[in-house]
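*Asks:* Take a look at this one; I'll ask things after.
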Amino acid sequence: MNQEQNKTETNVANNMNPVPNTNNITPNQQAPTNVQTNTQPEQPSNILAGSPGVVVAPVSSEPTDASSADKGRVNGIVRSATEIEQTLSHTTMINPTVVTPRVEITSATAAPPPIEENPQVESIPEPIPKKSRKSKFLIILLLLVISGMGFYIYQDYRKDLARGECSPLVASDDTLRELDINSSIVQELYDKIKTTIREDVAYHNFDDTFKLYLAYRQIPTSDIYESNCNLFNESNMSNFTCSSSTNFSPTAFKEETLQREVRKLFGESISIPNQNIVLGNSCFGGYQYIAERGEYVQGYCGQIPTTSYNVDKELISATVQGDTITLREDVRYYSAEGISNDQLQSGVYVHTFKLDNSYHYAYINRTIEAA
1 MNQEQNKTET
11 NVANNMNPVP
21 NTNNITPNQQ
31 APTNVQTNTQ
41 PEQPSNILAG
51 SPGVVVAPVS
61 SEPTDASSAD
71 KGRVNGIVRS
81 ATEIEQTLSH
91 TTMINPTVVT
101 PRVEITSATA
111 APPPIEENPQ
121 VESIPEPIPK
131 KSRKSKFLII
141 LLLLVISGMG
151 FYIYQDYRKD
161 LARGECSPLV
171 ASDDTLRELD
181 INSSIVQELY
191 DKIKTTIRED
201 VAYHNFDDTF
211 KLYLAYRQIP
221 TSDIYESNCN
231 LFNESNMSNF
241 TCSSSTNFSP
251 TAFKEETLQR
261 EVRKLFGESI
271 SIPNQNIVLG
281 NSCFGGYQYI
291 AERGEYVQGY
301 CGQIPTTSYN
311 VDKELISATV
321 QGDTITLRED
331 VRYYSAEGIS
341 NDQLQSGVYV
351 HTFKLDNSYH
361 YAYINRTIEA
371 A
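Under the working numbering, think of the first position of the sequence shown as 1, with each following residue one higher.
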């Protein structure tokens, strides 16, 4: 009994699940495809924005069955790609969001020019303050004053150079060198100290009297002016007179003018007291120092008989060693009457000059070497 019942149930199950016959499929029919469902449900594209998992029913002009399986469903619905595409073509999106397209710059795309955030505005020049103008004026005025002083010093230097009072440093070491006797520096120094035969006969000693006379010879004519005979003492200078009874008009110069030339010729450190300028009993010089007037005033000198002498003088060499220049002068005296004078000594006169702090070559000494 039981075997028959089991056999009957097996036949019923086989009748419910018949095996399809593939040989009977027509060409227009397609074999059923096994659709595998993903474990993760596909997210529908018509989900309401801001409400994940809520599906918005598509809006369609066609009548929809109220019993449709899509009505009020939550979570995802598995649909074929063809159904989703047809649904999107007839669906109106709720609250669509406008998205600005993003432009990616590649090597083929030129980058737009940068936008200047703070473009420079053409500046308007501000007016110069009064203090700045005053400062510029003072600077210009100072430059003019300095230029004027420089020009004055240069002109004074040119005058001294023309008179042979200022010369450049010849040597800066202790090497003894020969100088050209025709060079300007040598001739300038020699002109300051060389004397004539009449001056040698009148006075031949190398002392303050002779030095004041040499300094007097350096005074430029522009510093000598016409004067008068006030306070002139004739008894202090033999052979010289100065009075209103004569037609003589004396000249004069300031005592500081003579002292200036003394320092230039013999050095800044030398000090020679003021005294009358005259060579012995001759008419050379002839200026009386009047302290009350602070001047040297000229006197008039008559004819004084002298003895004639002849002399030969020649500058034979000039050397420099450090800051010292030495001139060597060959001197030969001859008496016209054949009478020698012990005061006139022939020989080689050595004149020594040394550069001082004012860049003047000071006349230091004169010695005589035997011929």
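Positions of the beta carbon are idealized from the N, C-alpha and C atoms, including for glycine. As the structure is a prediction and not an experimental result, all values here were calculated from the model.
How many whole angstroms separate the CB atoms of residue 331 and residue 308, which I take to be in contact at a CB cut-off of 8 Å?
*Replies:* By one-based count along the sequence shown, residue 331 stands at place 331. By one-based count along the sequence shown, residue 308 stands at place 308. Their Cβ separation, rounded to whole angstroms, is 17 Å, which puts residue 331 and residue 308 out of contact at 8 Å.
*Asks:* Apply the 10 Å Cβ neighbour rule to residue 448 and answer buried if 16 or more other Cβ atoms are within range, or exposed otherwise.
*Replies:* In the structure as shown, the chain begins at 1 and stops at 371. Residue 448 is therefore absent and cannot be evaluated.
*Asks:* Please determine if the region 223–242 and the region 295–302 are in contact, where contact requires at least 3 C-beta pairs separated by less than 8 Å.
*Replies:* The region 223–242, when compared against the region 295–302, does touch it at the 8 Å Cβ threshold.
*Asks:* Compute the Euclidean distance between the alpha carbons of residue 251 and residue 290, then round it to the nearest angstrom.
*Replies:* As a first step, residue 251 must be located in the sequence shown, where it is residue number 251. As a first step, residue 290 must be located in the sequence shown, where it is residue number 290. Roughly 13 Å between the two C-alpha positions.
*Asks:* Please state whether DSSP places residue 293 in a helix, a strand or coil.
*Replies:* By 1-based counting over the sequence shown, the position of residue 293 is 293. Reduced to three states, the DSSP call for residue 293 is coil.
*Asks:* May I ask you to report which of helix, strand or coil DSSP gives residue 257?
*Replies:* Reading the sequence shown from its first residue, position 257 is the one you call residue 257. Of the three classes helix, strand and coil, the one that applies to residue 257 here is helix, per DSSP.
*Asks:* Pull up the distance between the alpha-carbon of residue 270 and that of residue 231, whole angstroms please.
*Replies:* One-based indexing of the sequence shown puts residue 270 at position 270. One-based indexing of the sequence shown puts residue 231 at position 231. Taking the straight line joining both Cα atoms gives about 29 Å.
*Asks:* To the nearest whole angstrom, what separates the beta carbons of residue 329 and residue 351, a pair I think is in contact under 8 Å?
*Replies:* As a first step, residue 329 must be located in the sequence shown, where it is residue number 329. As a first step, residue 351 must be located in the sequence shown, where it is residue number 351. Indeed they touch by this definition, with Cβ atoms about 7 Å apart.
*Asks:* Under DSSP, the alpha helix (DSSP H) around residue 187 begins and ends at which residues?
*Replies:* For the purposes of this step, residue 187 is taken as residue 187 along the sequence shown, with counting starting at 1. Element bounds for residue 187: 184–193.
*Asks:* Rounded to the nearest angstrom, how far is the Cβ of residue 199 from that of residue 266, given a contact under 8 Å?
*Replies:* Against the sequence shown, residue 199 aligns to sequence position 199. Against the sequence shown, residue 266 aligns to sequence position 266. At roughly 18 Å, the Cβ-Cβ gap does not stay under 8 Å, so residue 199 and residue 266 are not in contact.
*Asks:* Does DSSP put residue 76 in a helix, in a strand, or in coil?
*Replies:* For the purposes of this step, residue 76 is identified with residue 76 of the sequence shown, where counting begins at 1. Summary for residue 76: the model assigns pLDDT 47, below 50, so the residue's position carries little reliability; its value from the coordinates is reported in the next sentence. Looking at residue 76 - three-state DSSP - the assignment turns out to be coil, as it is neither helix nor strand.
*Asks:* Within its chain, find whatever has a CB closer than 6 Å to the CB of residue 182; leave out the 5 residues flanking it on each side and keep chain order.
*Replies:* On the sequence shown, position 182 is the one that residue 182 refers to. So no residue of the chain qualifies.
*Asks:* Is residue 261 near the ligand FMN, judged by its Cβ being under 6 Å from some heavy atom?
*Replies:* With respect to small molecules bound, the structure shown includes none, and the ligand FMN cannot be examined in it.
*Asks:* Who are the near neighbours of residue 249 in its chain, counting only those whose CB is closer than 7 Å to its CB and skipping five residues on each side?
*Replies:* By 1-based counting over the sequence shown, the position of residue 249 is 249. Counting only Cβ-Cβ distances below 7 Å, and skipping sequence neighbours, we find 226.
*Asks:* Cα separation between residue 334 and residue 342?
*Replies:* Translated into positions along the sequence shown, residue 334 becomes position 334. Translated into positions along the sequence shown, residue 342 becomes position 342. Distance between the alpha carbons of residue 334 and residue 342 is about 12 Å.
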